[in-house]
Amino acid sequence: MDGIHDLGGMQGLGPVAHSAAEPVFHERWEAVARVLMEIVAGAIDATGGEFRHSIERMDPGHYLTSSYYEHWLTAAATLAVEHGLVTRSELEARAGGRFPLSGPVLAPAVADPGPDIGEPRFGVGDRVRVREWHPAGHTRCPRYIRGKAGEVVRLDGSYSVPDVEAHGTARRHEPTYSVRFDAVDLWQDGQRGVSVHVDLWDSYLERA
Amino acid sequence: MSGTLSLSDLDPPRRNGELAFDAPWQSTVFALAAAVVDHAFGGDREPFRQQLVTAIAAEPGRPYWESWTAALDALVATLPPPAGPAASRP
Amino acid sequence: MSEDGHHHPAPASPVEQRVAALEALLTERGLVPQGFIADVTRRYESEIGPLNGAKVVARAWADPQFRERLLADGTAAIAELGFGGAEGSHMVVVANTPAVHNVIVCTLCSCYPWPVLGLPPSWYKDAPYRARMVREPRALLAEMGCDLPGDVEVRVWDSSAEVRYLVLPERPPGTEGLTEADLVGLVTRDSMIGVARL
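Residue numbers (my numbering), protein chains in the order written: chain A, 1 to 208; chain B, 1001 to 1090; chain C, 2001 to 2198.
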């Protein structure tokens, strides 16, 4: 999904509010929100992809103007409503006001994901290009590398493809790679001596 | 006055799935009703729903949140007055 | 204190009300076991944290063979110290050198090596870091207090799949006489993410 969560390279977001140390949870509600999400995810047997995608589908304005654990709360409530654990009007009545939820899933359920990719199609040192594509559902291919060429630096073993497992019960497993991109190729801004490594699934890549 | 209310007449207005409040007082009466239902009626929404049916039927065409407010007023009027020192203050 | 002598807590914020609403409804559905929230919270607050990663780093500084194993197979070497599990089941450790500086980010969400660093800090999970570290790492590192000479190569690692990363910082000069236990105290969380040098 070309959503607000896909932030790599976005400008205008301001300074990083860094602190060297901070409490794990700033307020009690954050801890509760986190655990409620874990409870909902467990109750509906959500995959990591379905969980992440429920956050990705948040209203962009809400995503950018709310804190991390408010994202988890919103996503937990969304999954709970979508899977029939609670209703939206119950949430609103109990909260005494609006209860913003994430937007709907835009991709259909994956009925036939195709076969597992058993053997890695690429090896260390190979030049690869990231597919120029715009999936409507969950993916772990960030926009800032799509269509860009890089070099495979590491093979990391086979894993379930998030684009598939976030959208139904089907599964497809593929090799994953760490691919190195030169910053100057990504941003055309003259940066030297900077590389960005992104971990990618086999089907995200073509030979360059 | 004709016909019976459909369920959708009782539902609050929404835009894009979100509750639609056009002014702060509307979200206030929503929250107040929720609090009264929670604290004075143990979470049972039926008494408020009945008042809302009555209020909408009494003045069809009245804006939704005004009917909601009338229903809330009527609901609170059915509650016994508070006992104790606070009640005796002017 | 109000005039009737009772202490009234500050009114709940809208997000607190929403959290309470979801908690109440899920509890009524029987989905929240007694004490579960408190138990899980306590685990996140006290059982994992960057001290684990500091021990890994200190061992790598003190023991060159461990360092070799750590860089060859991060998962197995980290497991020698008893650390591993969720969000760390496939670890890759990247070493800083005088010529190379590594830094970790998750542009898409907040992926982070829990078993060695605990839960990530807010700044790592929020939009500005995620947007900027892949685009202008030298400038952002300098802003965060990590000044790198211009000839140092910068490698940014975006944790977009299953691998979780740990930066092995360079051992500070003048620490040759310290024991492994002493070295642990020198290692900061920021240095293991890569936004600081020691």
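For each residue, glycine too, the CB sits at the ideal point set by N, CA and C.
Everything numeric in this text was worked out from a predicted model, so none of it was measured.
Under 8 Å between C-beta atoms of residue i and residue j
i	j	result
Trp2061 of chain C	Arg2197 of chain C	no
Val2134 of chain C	Val2156 of chain C	yes
Pro100 of chain A	Glu1018 of chain B	yes
Pro2115 of chain C	Gly2150 of chain C	no
Ser2160 of chain C	Asp199 of chain A	yes
Met2192 of chain C	Leu2070 of chain C	no
Ala2095 of chain C	Leu2168 of chain C	yes
Arg192 of chain A	Val184 of chain A	yes
Val81 of chain A	Thr74 of chain A	no
Pro1047 of chain B	Leu1075 of chain B	yes
Gly137 of chain A	Val105 of chain A	yes
Ala2058 of chain C	Val2184 of chain C	yes
Pro142 of chain A	Asp59 of chain A	no
Gly103 of chain A	Arg28 of chain A	no
Ala1971 of chain C	Leu64 of chain A	Residue 1971 of chain C cannot be examined here, being either before or after the span of chain C that is shown, 2001 to 2198.
Asp2158 of chain C	Val2100 of chain C	no
Beta-carbon proximity list for residue i, same chain, < 7 Å, skipping 5 on both sides
i	result
Ile44 of chain A	Leu79 and His83
Phe122 of chain A	Val128, Val152, Tyr177 and Leu205
Arg98 of chain A	Glu92
Met1001 of chain B	Low confidence applies here, because Met1001 of chain B scores a pLDDT of 36, under 50, leaving its location unreliable and the question unanswered by this model.
Contacts around residue i, its chain only, beta-carbon distance under 6 Å, and the 5 residues preceding and following it disregarded
i	result
His197 of chain A	Ser178 and Arg180
Arg140 of chain A	Pro162
Tyr159 of chain A	Thr176
Gly8 of chain A	Pro142 and Tyr144
Ile117 of chain A	Glu174 and Asp202
Alpha-carbon to alpha-carbon, residue j and residue i
i	j	result
Gly49 of chain A	Arg2164 of chain C	17 Å
Ser19 of chain A	Glu2080 of chain C	31 Å
Leu2140 of chain C	Val128 of chain A	28 Å
Ala1057 of chain B	Trp1065 of chain B	14 Å
Val1083 of chain B	Ala1040 of chain B	Before going further, note that residue 1083 of chain B is Ala rather than Val in the sequence given. About 14 Å.
Gly12 of chain A	Tyr2129 of chain C	12 Å
Met37 of chain A	Pro2098 of chain C	43 Å
Asp1022 of chain B	Thr2027 of chain C	33 Å
Asn2084 of chain C	Thr2075 of chain C	The residue you asked about is not Asn; residue 2084 of chain C is Gly in the sequence shown. Gly2084 of chain C and Thr2075 of chain C: Cα-Cα distance of roughly 7 Å.
Gly42 of chain A	Val35 of chain A	10 Å
Gly168 of chain A	Gly2030 of chain C	26 Å
Thr2041 of chain C	Val2032 of chain C	14 Å
Ala93 of chain A	Leu2025 of chain C	11 Å
Val2103 of chain C	Ala208 of chain A	27 Å
Ala1020 of chain B	Tyr2112 of chain C	39 Å
Pro2050 of chain C	Glu2180 of chain C	16 Å
Ala17 of chain A	Thr2188 of chain C	18 Å
Leu2022 of chain C	Ala2010 of chain C	20 Å
Asp2182 of chain C	Asn2052 of chain C	14 Å
Ala77 of chain A	Gly190 of chain A	45 Å
Arg1062 of chain B	Trp201 of chain A	58 Å
Glu119 of chain A	Gly157 of chain A	10 Å
Pro1080 of chain B	Ser1027 of chain B	26 Å
Asp126 of chain A	Val2154 of chain C	21 Å
Ala2077 of chain C	Pro2173 of chain C	25 Å
Phe2036 of chain C	Ile2048 of chain C	18 Å
Val40 of chain A	Tyr2044 of chain C	18 Å
Member of the options whose CA lies at the smallest distance from the CA of residue i
i	options	result
Lys2125 of chain C	C:Pro2115, C:Gln2017, C:Thr2107 and C:Pro2169	C:Thr2107
His71 of chain A	A:His167, A:Ala31, A:Gly8 and A:Gly9	A:Ala31
Glu2176 of chain C	C:Thr2041, C:Asp2063 and C:Leu2031	C:Asp2063
Ser67 of chain A	C:Pro2121, C:Leu2178 and C:Gly2185	C:Pro2121
Val1036 of chain B	B:Pro1080, B:Pro1081 and B:Leu1072	B:Leu1072
Met2091 of chain C	C:Ala2181, C:Leu2166 and C:Ala2010	C:Leu2166
Gln2017 of chain C	A:Gly96, A:Gly8, A:Leu7 and A:Ser195	A:Gly96
Gly147 of chain A	A:Cys141, A:Arg131 and A:Leu91	A:Arg131
Pro175 of chain A	A:Asp163, A:Asp182 and A:Leu155	A:Leu155
Leu91 of chain A	B:Ala1031, B:Pro1063, B:Arg1049 and B:Pro1081	B:Ala1031
Met10 of chain A	C:Asp2158, C:Glu2136 and C:Leu2025	C:Glu2136
Val164 of chain A	A:Asp6, A:Ala46, A:Pro120 and A:Ala93	A:Ala46
Trp187 of chain A	A:Trp201, A:Thr65, A:Pro120 and A:Tyr144	A:Tyr144
Ser2046 of chain C	A:Phe25, A:Gly61 and A:Arg52	A:Phe25
Pro1012 of chain B	B:Ser1067, B:Pro1081 and B:Pro1080	B:Ser1067
Ala33 of chain A	C:Val2015, C:Gly2049 and C:Val2100	C:Val2015
Ala149 of chain A	A:Ser89, A:Ser195 and A:Thr65	A:Ser195
Arg52 of chain A	A:Ile4, A:Asp202 and A:Gly157	A:Ile4
Contacting residues, own chain, Cβ-Cβ under 8 Å from residue i (five flanking each side not counted)
i	result
Gly1003 of chain B	With a pLDDT of 48 at Gly1003 of chain B, under the threshold of 50, the modelled position of this residue cannot be trusted; read the value that follows with caution. Cβ within range, chain order: n/a, list empty.
Ala107 of chain A	Met1, Pro135, Ala136, Gly137, His138 and His167
Ala2086 of chain C	Trp2114 and Pro2115
Pro113 of chain A	Val161, Val164, Ala170, Arg171 and Arg172
Taking the runs of the alpha helix (DSSP H) that are 4 residues or longer, which of them lie wholly in the stretch 2115–2183 of chain C?
2122–2125, 2127–2132 and 2137–2143
Could you tell me which uninterrupted alpha helix (DSSP H) segments, each at least 4 residues in length, are contained entirely in the stretch 58–108 of chain A, listed from first to last along the chain?
60–65, 68–82 and 88–95
Just list the beta strand (DSSP E) runs in the stretch 2030–2112 of chain C, keeping only unbroken ones of 3 residues or longer that don't cross its boundaries, in chain order.
2091–2095 and 2100–2105
So within the stretch 124–187 of chain A, which uninterrupted beta strand (DSSP E) runs reach at least 3 residues, ignoring any that extend past its ends?
127–130, 149–160 and 173–182
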